[in-house]
Ligand SMILES: NC(=O)c1ccc[n+]([C@@H]2O[C@H](COP(=O)([O-])OP(=O)(O)OC[C@H]3O[C@@H](n4cnc5c(N)ncnc54)[C@H](O)[C@@H]3O)[C@@H](O)[C@H]2O)c1
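Okay, here's the thing in structure tokens:
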């Protein structure tokens, strides 16, 4: 199988997620990284490209989109791994050049930008994939499959949390600076990790978040964005839920956990024990499902008992993106443009609700 020629925007020296995307894209041998505009600073873009042996380096993403679209051997897809406010202009440039976009979350900085992006994508033959990493874990997919096949019965409750501590104090640095600047991030914890939590709740339960009663707080004095978000959820089909996203909870690293509870059984998954899924039918002893279990139907790279983790989950998103590009459409199990739009509606509704004393607010 020919590898897909990939470009990258962002992910230069000192950046975080760009390097993770590069590892993920390589892991299953489906992509070749051949071009990049790795930084907004021309010299750093070139130095970053040299460091990873990338021969085609651009100092501007717009030049890159035009030049790559004009080349016989130009990139077929691009990864966008920059701060949130750049996602829309960058995705626009590449979609309009007919190049598939693999973009990190949240989809944009504002809901209006997300709506504009949906219009732009409708006018392009190129696909858009959103990298909600947690949808790539095999045990998250197993939870989704069990819910979909009715093993839990009717879903009553969905509880999800994504809790960190790295912004507990007034931190500065590359990753922190743009995240606490509303112009670049669009918002705080609610957008940065609340978007992941909301997607995970929808992805595992198969339900839509219809309304929120949200309390967004800023615990660190002087910070211009929220750093903690707690809320009640109303989901489709009458299910009820809770979501907590925090970046100021000392002792919590990347504690993401989801519990889906039906009238017959529940499932419980957390990233710190990501190779296990707790499945507990009513009146029976709980079972810890693993990839070696008789019922397991997902994809893994290594035999049962060898753990897979964050990088493999990310690689799964990339493998699925490669399949989508070859098939010409984004399948249901892969986070999409519509998921990105729903994520931005969720963020906007949470902000509105919180500003109105946590009043119930429809998405
Ligand atoms: N899926 C996940 O689990 C996950 C995890 C972390 C971050 N993210 C998302 O990834 C994105 C980047 O986050 P990060 O933590 O890697 O940020 P970062 O600050 O570490 O890196 C951002 C990079 O973008 C570059 N950049 C900025 N403007 C640019 C431009 N005009 N042209 C080219 N490059 C430009 C910067 O130079 C830097 O290299 C954000 O949208 C964030 O929300 C997703």
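In the UniProt record's numbering, the protein residues as written are 1 to 363.
Just so it is clear, CB atoms sit at the ideal spot from N, CA and C, and this is done for glycine as well.
Open item on the list: Any heavy atom of ligand 1 closer than 8 Å to the beta-carbon of residue 252?
Closed with: Set against 8 Å, the gap from the CB of residue 252 to the closest heavy atom of ligand 1 is not smaller.
Task: Close Cβ partners of residue 328 (< 8 Å) along its chain, the five nearest in sequence each way excluded - done: Around residue 328: 127.
Open item on the list: Quick check: is any heavy atom of ligand 1 less than 8 Å from the C-beta of residue 166?
Closed with: No, the Cβ of residue 166 stays beyond 8 Å of every heavy atom of ligand 1.
Task: residue 151 beta carbon less than 9 Å from that of residue 264 - done: Between residue 264 and residue 151, the C-beta gap is smaller than 9 Å, which places the two residues in contact.
- [ ] Using the Cα positions of residue 260 and residue 9, report the straight-line distance between them to the nearest angstrom.
- [x] Rounded to whole angstroms, the separation of the alpha carbons of residue 9 and residue 260 is 36 Å.
TODO: Could you spell out where the alpha helix (DSSP H) holding residue 147 opens and where it closes?
DONE: Taken as a continuous stretch (DSSP letters only), the alpha helix (DSSP H) holding residue 147 covers 138–148.
Open item on the list: Contact between the stretch 278–286 and the stretch 172–181 is defined here as three or more beta-carbon pairs at a separation below 8 Å; is this criterion met?
Closed with: Between the stretch 278–286 and the stretch 172–181 there are fewer than three inter-stretch CB-CB distances shorter than 8 Å, so the stretches are not counted as touching.
Task: Residues that residue 161 bridges to, as DSSP identifies them - done: Beta-bridge pairing links residue 161 to 244, 257.
TODO: Would you decide whether residue 335 is buried or exposed? Buried here means 16 or more other CB atoms lie within 10 Å of its CB.
DONE: Residue 335 counts as buried, since no fewer than 16 other beta carbons sit within 10 angstroms of its beta carbon.
Open item on the list: Taking the straight line between their C-alpha atoms, what separation do you get for residue 300 and residue 353?
Closed with: Cα to Cα, the separation comes out at about 41 Å.
Task: residue 230 - partner residues in DSSP beta bridges - done: DSSP lists 215, 244 as partners of residue 230.
- [ ] Say yes only if the C-beta of residue 159 is nearer than 8 Å to one or more non-hydrogen atoms of ligand 1, and no if none qualify.
- [x] Result no, Cβ not under 8 Å from ligand 1.
Task: DSSP beta-bridge partners of residue 32 - done: Residue 32 pairs with 5.
TODO: Please determine if the stretch 138–157 and the stretch 194–204 are in contact, where contact requires at least 3 C-beta pairs separated by less than 8 Å.
DONE: In short, these stretches touch, since the Cβ pair count reaches three.
Open item on the list: Closer than 8 Å to a non-hydrogen atom of ligand 1 - does that hold for the CB of residue 92?
Closed with: No; taking the cut-off as 8 Å, the Cβ of residue 92 has no heavy atom of ligand 1 nearer than that.
Open item on the list: Considering Cα atoms alone, identify which of 226, 216, 208, 247 is closest to residue 239.
Closed with: Taking the Cα of residue 239 as reference, the smallest distance to any Cα among 226, 216, 208, 247 is reached at 208.
Task: For residue 22, three-class secondary structure by DSSP - done: Note: residue 22 maps to helix in three-state DSSP.
TODO: In angstroms with no decimal places, state the Cα-to-Cα distance between residue 55 and residue 87.
DONE: Answer to the nearest angstrom: the Cα atoms are 24 Å apart.
- [ ] Answer yes or no: the CB of residue 15 versus the heavy atoms of ligand 1, is any distance below 8 Å?
- [x] It does: the Cβ of residue 15 is within 8 Å (strictly closer) of some heavy atom of ligand 1.
Task: Within 9 Å, strictly: CB atoms of residue 99 and residue 7 - done: It is a contact, given that the beta carbons lie within the stated cut-off.
Open item on the list: Less than 9 Å between the C-beta atoms of residue 275 and residue 241, yes or no?
Closed with: Result no, Cβ atoms of residue 275 and residue 241 do not sit closer than 9 Å.
Open item on the list: Are there any heavy atoms of ligand 1 lying less than 8 Å away from the beta-carbon of residue 84, as far as the coordinates show?
Closed with: Residue 84: yes, Cβ under 8 Å from ligand 1.
Open item on the list: Does the distance between the C-beta of residue 10 and the nearest non-hydrogen atom of ligand 1 fall short of 8 Å?
Closed with: It does: the Cβ of residue 10 is within 8 Å (strictly closer) of some heavy atom of ligand 1.
- [ ] Compute the beta-carbon to beta-carbon distance between residue 31 and residue 71, rounded to the nearest angstrom, for a pair I have assumed lies under 8 Å.
- [x] Their Cβ separation, rounded to whole angstroms, is 17 Å, which puts residue 31 and residue 71 out of contact at 8 Å.
TODO: Could you check what DSSP says for residue 202 in three-state terms: helix, strand or coil?
DONE: Correct three-state label for residue 202: helix.
TODO: Verify whether the separation of the beta carbon atoms of residue 290 and residue 282 is less than 9 Å.
DONE: Taking the C-beta atoms as reference points, residue 282 is found no nearer than 9 Å to residue 290.
Task: Closest by C-alpha distance to residue 270, when choosing among 262, 280, 255 - done: The shortest Cα separation from residue 270 among 262, 280, 255 belongs to 255.
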